Amino acid sequence: TRQVLINDDLDAFTRIPAMYGNSIAQLESDVVWGIITANPAMADGNALFHTTHKNLAGTGAALDVASVGAARAAMALQTGLDKKTVLNIRPAFLIVPAALELKAEQLVAQNLVPADSAKVVPQSIRTLSPISEPRLDAASATAWYLAASPNQIDTIEYAYLEGQQGAYIETRNGFDVDGVEIKCRLDFGAKAIDWRGLYKNPGA
């Protein structure tokens with residue numbers, strides 16, 4: 001209203017676009033991470049993470065060198081659509097819930113060298129980029145994932161309506177009342193494209 005606009009000493013209205021931006025970023029993240037936790041069915045009728053897809057550990061294992069090594073091997077052995085061509089997919093990201101953030105950082109730490117040579121983490125694992133996502137904790141505080149670079153293979157793709165990338169915000173001065181109307185619109189969607197670039201271990 002006009003009175004609120006005049007008395008806006010804290011510049012609340014000038015912060016509205018930023019507030020919309022934060023809400024939109026949260027919504028987009030909710031949609032993308034929701035795909036991971038919902039484990040939707042793919043075109044073949046099986047869930048995104050499924051033993052048939054060879055991207056789900058048969059038995060949950062704690063996050064360590066051995067379990068990550070097994071996950072890397074499974075991704076490397078994924079085959080193409082002809083079921084014959086070995087794709088040799090290499091993971092680029094180690095994705096964990098907030099509960100495993102510290103453990104993931106310790107696992108991939110470049111400057112941490114154990115005194116016991118048997119506990120040394122191979123360079124191939126230390127090159128993984130850790131991603132900690134609190135949205136995963138509600139589904140499981142033990143499950144962890146590997147993901148390939150999108151430059152190697154598609155995994156989860158998000159998109160905007162053509163020509164409408166990001167939010168559309170419009171303001172209009174009121175006529176019937178002395179005030180301002182603000183409208184925000186977002187055309188956004190996301191979908192799991194290919195399961196072969198993703199791997200899940202339920203953890204332990």
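By UniProt numbering, the letter at position 178 of the sequence shown is numbered 178, and the numbering carries on one by one without gaps. Glycine is no exception: its CB is placed at the ideal position from the N, C-alpha and C atoms. All values derive from a computational prediction rather than experimental measurement.
Could you tell me how far apart the beta carbons of P40 and A190 are, in whole angstroms, since I believe they sit closer than 8 Å?
With a Cβ gap of about 11 Å, P40 and A190 do not count as contacting.
Pick out the complete beta strand (DSSP E) segments inside the region 49 to 122, 3 residues or longer, and give them in chain order.
91 to 96
Do the region 31 to 46 and the region 171 to 185 touch if we need at least three Cβ pairs shorter than 8 Å?
no
Put P40 into one of helix, strand or coil per three-state DSSP.
coil
A18 in three-state terms, based on DSSP:
helix
Could you tell me which residues DSSP puts in a beta bridge with I193?
Partner(s): none; I193 has no beta bridge.
What did DSSP end up calling I24 once you bin it into helix, strand or coil?
helix
Is I131 helix, strand or coil by DSSP?
strand
Checking 8 Å against the spacing of the C-beta atoms, do P91 and P134 come in under that value?
no
Secondary structure at L136, three-state DSSP: helix, strand or coil?
helix
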